[in-house]
């Protein structure tokens, strides 16, 4: 069986953790409380521009999806797991804080490696206070899945952006498994859930393509007796499946002739501690890649980018638009495809983006919208309903911001139509509202690099959730940024 990103280290503290799990009372008894914490951020208005071509070599932070899952699954293993290259952004740190609050011991060494001593499947402990998820929808939805099959009660809170995001697509299937929820109006945060043990294994067909919903159900199935099945009509990112297998869960994937995937997980699993190497996040790499394509004369290499086929749709689309992107030093790191991306300035052409590719690049559409604004001709992007319930309504917010800096945009119910400039700079000079959305903020920062006048983002602080050091990375390539008084 293929194992991705991971190998089993020596379980140096297995006996100690097994003892603590026994004290906690086993899988279906009420555990004792622990603590949670959160950290606020402050607004920061910044203007971005590029006076010269971008050049150099950069690395982006570790993959956010893999980072979240590595912490959660390590916390459910009995023994010590070691994670290298973890994304140390606020979203992932929110996951770490929540797992500490439920009993895991998580520390960061001076060598940058994270060590996690898990409590075992069924051993999560009662958090003493609310779990503050900050801006992280992934943390919230996946942790709800973990807790659903444990006999504990947890309250989830988040920032203003996260509190607007609907949670019904997760609470509905988890409710079928026996978990109970009290939510704010519209099925939103703050919400309180009460898990159940034993939970009821279910067979659930995803009504919309969502790796988060799929993962939440599979994680709940870890501690449910019997087999839990998720039917996925459209393939989504498969990090959960890969990592669950690697940690030792009995998980199978069957694919039908029409592409439908049925993922089955056998419950009451025993997870084994692992050593995990996290590759660079392809979603984060999208920003320097598009910047290099758009700024005339640029030549940039982005090193160590994960190219999981379920995540690499943007690069396929940019190449179809004429982008000069080469994959070099292609290699496999613990079963995960990785490469360095060599990117040169290109004249992009507008295309009609196939809706079938959306699940493999759903988080990258804001920066693709920026690329389309500078392409020759019209780019049509549909099938993007999911973008309306992200950290912000990314269709409406991007359309508004692009118009403010001079782009020609038609907003559709499920996407955008953008008539590009053919490489001519946009006017820029406007202040764009990021709506507490990290990808909106970074996308307009890139737009500022190819506009006549700098583009001002009203608040860059949310970028810390996924890409700490973003402005410094752009500066290392030759871009300029400066704080702006509100």
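In UniProt numbering, the protein residues as written are 1 to 486.
All C-beta atoms, glycine included, are put in the ideal place defined by N, C-alpha and C.
Open item on the list: Considering just the uninterrupted stretch of the alpha helix (DSSP H) at residue 452, what are its terminal residues?
Closed with: Taking the chain shown and counting its residues from 1, one reaches residue 452 at position 452. Note, residue 452: premise wrong, no alpha helix (DSSP H); beta strand (DSSP E) at 451-453.
TODO: Leaving aside the five residues before and after residue 260 along the sequence, list all residues of the same chain whose C-beta is less than 8 Å from its C-beta, in chain order.
DONE: For the purposes of this step, residue 260 is taken as the residue at position 260 of the chain shown. Hits under 8 Å: 231, 232 and 233.
- [ ] Just the C-alpha distance for residue 330 and residue 339, rounded to the nearest angstrom, thanks.
- [x] On the chain shown, position 330 is the one that residue 330 refers to. On the chain shown, position 339 is the one that residue 339 refers to. Answer to the nearest angstrom: the Cα atoms are 4 Å apart.
Task: Under the three-state DSSP convention, the category residue 363 falls into - done: For this step, residue 363 is matched to residue 363 along the chain shown. Residue state, collapsed to three classes: helix.
Task: Burial state of residue 452 (16 or more Cβ within 10 Å) - done: Residue 452 sits at position 452 when you count from the first residue of the chain shown. Exposed, because fewer than 16 other Cβ atoms sit within 10 Å of the Cβ of residue 452.
Open item on the list: To the nearest angstrom, how far is the alpha carbon of residue 91 from that of residue 133?
Closed with: As a first step, residue 91 is located in the chain shown; it is residue number 91 there, counting from the start. As a first step, residue 133 is located in the chain shown; it is residue number 133 there, counting from the start. Rounded to the nearest angstrom, the gap between the Cα atoms of residue 91 and residue 133 is 7 Å.
Open item on the list: Runs of 4 residues minimum, wholly inside the stretch 41-79: which ones carry the alpha helix (DSSP H) assignment?
Closed with: For the stretch 41-79, whole alpha helix (DSSP H) runs of length 4 or above, ordered along the chain, are 64-76.
TODO: Would you mind giving the Cβ-Cβ distance between residue 193 and residue 180, rounded to the nearest angstrom? I have them listed as a contact below 8 Å.
DONE: Along the chain shown, one-based indexing puts residue 193 at 193. Along the chain shown, one-based indexing puts residue 180 at 180. Between residue 193 and residue 180 a beta carbon distance of about 7 Å is seen, short of the 8 Å cut, so the two are scored as contacting.
Open item on the list: Which residues does DSSP list as the beta-bridge partners of residue 147?
Closed with: For the purposes of this step, residue 147 is taken as residue 147 along the chain shown, with counting starting at 1. Bridge partners of residue 147: none, in fact.
TODO: Could you pull out every residue in the same chain whose Cβ sits closer than 7 Å to the Cβ of residue 356, ignoring the five residues on either side in sequence?
DONE: As a first step, residue 356 must be located in the chain shown, where it is residue number 356. Answer for residue 356: no residue qualifies.
Open item on the list: Within 8 Å, do at least three Cβ pairs link the stretch 237-251 to the stretch 41-55?
Closed with: Inter-segment contact for the stretch 41-55 and the stretch 237-251 is absent: fewer than three beta-carbon pairs are separated by less than 8 Å.
TODO: Quick one: grab the DSSP three-state call for residue 191.
DONE: Start at 1 with the first residue of the chain shown, and residue 191 comes out as number 191. Here residue 191 sits in strand by DSSP.
Task: residue 314 vs residue 368 beta-carbon contact at 8 Å - done: Sequence index remark: in the chain shown, residue 314 carries index 314 (1-based). Sequence index remark: in the chain shown, residue 368 carries index 368 (1-based). Taking 8 Å as the cut-off, the beta carbon of residue 314 is found closer than this to the beta carbon of residue 368.
- [ ] Take residue 104 and list the residues in its own chain whose beta-carbon comes closer than 7 Å to its own, dropping the five residues that flank it on each side.
- [x] Within the chain shown, residue 104 is the residue found at index 104, counting from 1. For residue 104, where only same-chain residues beyond five positions count, the Cβ hits under 7 Å are 75, 116, 117, 118 and 119.
- [ ] Evaluate residue 124 with the Cβ neighbour count: other Cβ atoms within 10 Å of its Cβ, from every protein chain shown; 16 or more gives buried, anything less gives exposed.
- [x] Working through the chain shown from its first residue, we reach residue 124 at position 124. Buried.
Task: Alpha-carbon to alpha-carbon, residue 371 and residue 426 - done: Here residue 426 refers to the residue found at position 426 of the chain shown. Here residue 371 refers to the residue found at position 371 of the chain shown. Straight-line Cα distance between these residues: approximately 12 Å.
Open item on the list: Whole angstroms are fine: how far does the CA of residue 158 sit from the CA of residue 97?
Closed with: The residue labelled residue 97 in the question sits at position 97 within the chain shown. The residue labelled residue 158 in the question sits at position 158 within the chain shown. Straight-line Cα distance between these residues: approximately 13 Å.
Open item on the list: Measuring only the C-alpha atoms, how far is residue 219 from residue 326?
Closed with: Counted from its first residue, the chain shown places residue 219 at position 219. Counted from its first residue, the chain shown places residue 326 at position 326. About 37 Å.
TODO: Would you mind reading off the limits of the alpha helix (DSSP H) that contains residue 244?
DONE: Looking up residue 244 in the chain shown gives position 244. Unbroken alpha helix (DSSP H) run through residue 244: 239-246.
Task: residue 77 versus residue 482 - alpha carbon distance - done: Within the chain shown, numbered from 1, the residue matching residue 77 stands at position 77. Within the chain shown, numbered from 1, the residue matching residue 482 stands at position 482. Cα atoms of residue 77 and residue 482: separation of roughly 45 Å, rounded to the nearest angstrom.
TODO: Starting from residue 91, follow the alpha helix (DSSP H) in both directions and report where the run begins and ends.
DONE: Within the chain shown, the letter at position 91 stands for residue 91. For residue 91, the enclosing alpha helix (DSSP H) begins and ends at 90-101.
- [ ] Pick out whichever of 243, 458, 364 and 56 has its Cα sitting closest to the Cα of residue 395.
- [x] Numbered from its first residue, the chain shown carries residue 395 at position 395. The residue with the shortest Cα to Cα distance from residue 395 is 364.
Open item on the list: Comparing C-alpha positions only, which one of 53, 54, 83 and 439 sits nearest to residue 66?
Closed with: In the chain shown, counting from the first residue as 1, residue 66 sits at position 66. By alpha-carbon distance to residue 66, the top candidate from 53, 54, 83 and 439 is 83.
Open item on the list: Could you check whether the stretch 393-408 touches the stretch 145-154, counting it as contact only if at least three pairs of C-beta atoms, one from each stretch, sit closer than 8 Å?
Closed with: No, the stretch 393-408 is not in contact with the stretch 145-154.
Open item on the list: Quick check for students: name the residue ranges of the beta strand (DSSP E) that lie wholly in the stretch 177-231, counting only runs of 3 or more.
Closed with: Runs of the beta strand (DSSP E) inside the stretch 177-231: 180-184, 188-194 and 203-205.
Open item on the list: Using C-beta distances below 6 Å, list every residue in its chain close to residue 381, excluding the 5 sequence neighbours before and after it, in chain order.
Closed with: If you number the chain shown from 1, residue 381 lands on position 381. In the same chain as residue 381, and ignoring 5 residues on each side of it, the C-beta atoms closer than 6 Å to its own belong to 353, 415 and 416, in chain order.
TODO: Under 8 Å by Cβ, that's how I've got residue 461 and residue 276 pegged, so tell me the actual separation to the nearest angstrom.
DONE: Residue mapping note: residue 461 aligns to position 461 of the chain shown, counting from 1. Residue mapping note: residue 276 aligns to position 276 of the chain shown, counting from 1. The pair is not a contact, with the Cβ atoms about 29 Å apart (cut-off 8 Å).
- [ ] Under the assumption that residue 418 contacts residue 432 (Cβ atoms under 8 Å), give the Cβ distance between them as a whole number of angstroms.
- [x] As a first step, residue 418 is located in the chain shown; it is residue number 418 there, counting from the start. As a first step, residue 432 is located in the chain shown; it is residue number 432 there, counting from the start. So it is not a contact: roughly 16 Å between Cβ atoms.
TODO: Tell me whether residue 293 sits in a helix, a strand or coil according to DSSP, three-state version.
DONE: Along the chain shown, read from residue 1 onward, the residue named residue 293 stands at position 293. Helix, per DSSP.
Open item on the list: Using 8 Å as the threshold, is the C-beta distance between residue 441 and residue 455 below it?
Closed with: Translated into positions along the chain shown, residue 441 becomes position 441. Translated into positions along the chain shown, residue 455 becomes position 455. No; because the gap between Cβ atoms is not below 8 Å, this pair is not in contact.
Open item on the list: Rounded to whole angstroms, what is the Cα-Cα separation between residue 384 and residue 361?
Closed with: The sequence position of residue 384 within the chain shown is 384, counting from 1. The sequence position of residue 361 within the chain shown is 361, counting from 1. When rounded, the distance between both Cα atoms is 10 Å.
Task: Close-in-space but distant-in-sequence residues of the same chain around residue 299 (CB under 6 Å, 5 per side omitted) - done: Taking the first residue of the chain shown as 1, we reach residue 299 at position 299. Non-local C-beta neighbours of residue 299 in its own chain, meaning closer than 6 Å and more than five positions away in sequence, comprise 55 and 344, ordered along the chain.
Task: Neighbour-count burial assignment, residue 73, 16 or more Cβ in a 10 Å radius - done: Along the chain shown, one-based indexing puts residue 73 at 73. Classification for residue 73: buried.
Task: residue 236, DSSP secondary structure in three states - done: As a first step, residue 236 is located in the chain shown; it is residue number 236 there, counting from the start. Residue 236 falls in the coil class under three-state DSSP.
Open item on the list: So for residue 275, helix, strand or coil by DSSP?
Closed with: Here the question's residue 275 lines up with position 275 in the chain shown. If DSSP states are grouped into helix, strand and coil, residue 275 belongs with the strands.
Task: Every unbroken alpha helix (DSSP H) within the stretch 388-452, with a cutoff of 4 residues, ordered by chain - done: Counting only runs that start and end inside the stretch 388-452, the alpha helix (DSSP H) elements of at least 4 residues fall at 394-404 and 438-449.
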